[in-house]
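Chemist: Handing you this structure, nothing more for now.
Numbering (our numbering), first residue to last: 1 to 373.
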């Protein structure tokens, strides 16, 4: 559940980043926090590194064919992505239809299909468009359709590397360690490696990989004594001091810097998982109201991430009729309504493409409170 809360936080932070202009006047504090929201991406990469490492080790222990791992990841990423791509292509027509009820006239919107040629569309569909980038601004390659899609290309490259490593059998961990070493060297050695290659972002995944192996080997900080509480305070202070020492520009531009901070906090507070489980089993409606929305957001974070940048235009159209541009309600209602509108996509589309294991995990996270044992 702790990871689901972290996913929810990362997702909401990215969403705020894209809507920060709505908060510039009514809440400069929210706008300031939102301005760092792109750091939700390395948060996702750390979580992915952690989860995929456990999935890969589980696959190795069960002697499952590496193709099973790749098939599950392909379904998880590509099928939901293609569904969202179709929805994004159709959305302008729906928005114009709703607008016509007010204006009394339907104007055919620009077809997003015309923004790319057939070859470019093939690269978009396959998530290989990033390899054509001339700068490290990979989002620009998808700007004509949905800028957030660039991260999916990096994510699936990560899965492919793990798949190849699994094919190496007992050399799996050696392969992962080698890739990690090369990716770290590329940070300090000038290079001309393709901007769209996973190696530039692997260090963020490697933080999650390291965290997974720490937990697998029982290297954890349990808050079960005064000494460990003191250690928690000291380590937290060191982590936050590191975050304060790094210039904000460096945090903005170097995924590894922020990923290491986020990974350290996940390790330090991993015992929160036990607290969250107890709270969820408490059958308290107050806990349910406060905790469950964040768990739901974490579970559906992939769907929200895929759709928020385009779907928000629909609730914004109505919210702007109720709130002034300088009202904080405009941004809050737009975000909340977008999350509500995204849920059916998660429920009827994304969930269909989850592996049985992940479906079980999602059902355990999203449950109805109040049933006494």
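For glycine and all other residues, C-beta sits at the position ideal for the given N, C-alpha and C.
#1: Does the distance from the C-beta atom of residue 7 to that of residue 337 stay below 7 angstroms?
#2: Look at the alpha carbon of residue 224 and the alpha carbon of residue 271, and state the distance between them as a whole number of angstroms.
#3: Considering only C-alpha positions, which residue in the set 73, 5, 56, 16 is nearest to residue 335?
#4: Specify, as a first and last residue, the run of the alpha helix (DSSP H) that residue 298 falls within.
#5: For residue 175 versus residue 168, is the C-beta spacing smaller than 7 angstroms?
#6: Could you tell me which whole alpha helix (DSSP H) segments of length 4 or greater appear in the stretch 185-224?
#7: Within 10 angstroms of its Cβ, does residue 200 collect 16 or more other Cβ (buried), or is it exposed?
#8: Consult DSSP for residue 238 and reduce its assignment to one of helix, strand or coil.
#9: Please go through the same chain and pick out, in chain order, the residues whose beta-carbon is closer than 8 angstroms to the beta-carbon of residue 324, but skip the five residues on each side of it.
#10: Kindly indicate which residue of 354, 250, 349, 326 has the alpha-carbon position closest to the one of residue 27.
#11: Could you give the first and the last residue of the continuous alpha helix (DSSP H) run that contains residue 82?
#12: For the stretch 120-138 against the stretch 101-109, do three or more pairs of beta-carbon atoms, one drawn from each stretch, fall closer than 8 angstroms, so that the two count as touching?
#13: Please report the distance separating the alpha-carbon of residue 140 from that of residue 132.
#14: Quick check: residue 383 and residue 276, are their CB atoms within less than 7 angstroms of each other?
#15: Starting from the C-beta of residue 18, find all residues in its chain whose C-beta is less than 6 angstroms away, skip the five residues before and the five after it, and write them out in chain order.
#16: Would you mind sorting residue 352 into buried or exposed? The rule is 16 or more other CB atoms within 10 Å of its CB.
#17: Which term fits residue 12, buried or exposed, when burial requires 16 or more other beta carbons within 10 angstroms of its beta carbon?
#18: Which of the three DSSP states, helix, strand or coil, is assigned to residue 25?
#19: I'd like the list of long-range same chain contacts for residue 34, defined as Cβ closer than 8 angstroms, with 5 residues on each side in sequence excluded.
Modeler: This is what the structure holds:
#1: Annotated as distal: residue 7 and residue 337, with beta-carbon spacing of 7 angstroms or more.
#2: 10 angstroms
#3: 16
#4: 285-299
#5: yes
#6: 202-216
#7: buried
#8: helix
#9: 330
#10: 326
#11: Residue 82 -> alpha helix (DSSP H) spans 80-103.
#12: no
#13: 11 angstroms
#14: The structure shown does not extend to residue 383, since the chain is modelled only from 1 to 373, so the question has no answer here.
#15: 309
#16: exposed
#17: It is buried - the Cβ of residue 12 has at least 16 other Cβ atoms within 10 Å.
#18: Three-state result, residue 25: coil.
#19: 13, 16, 17, 19, 20, 23
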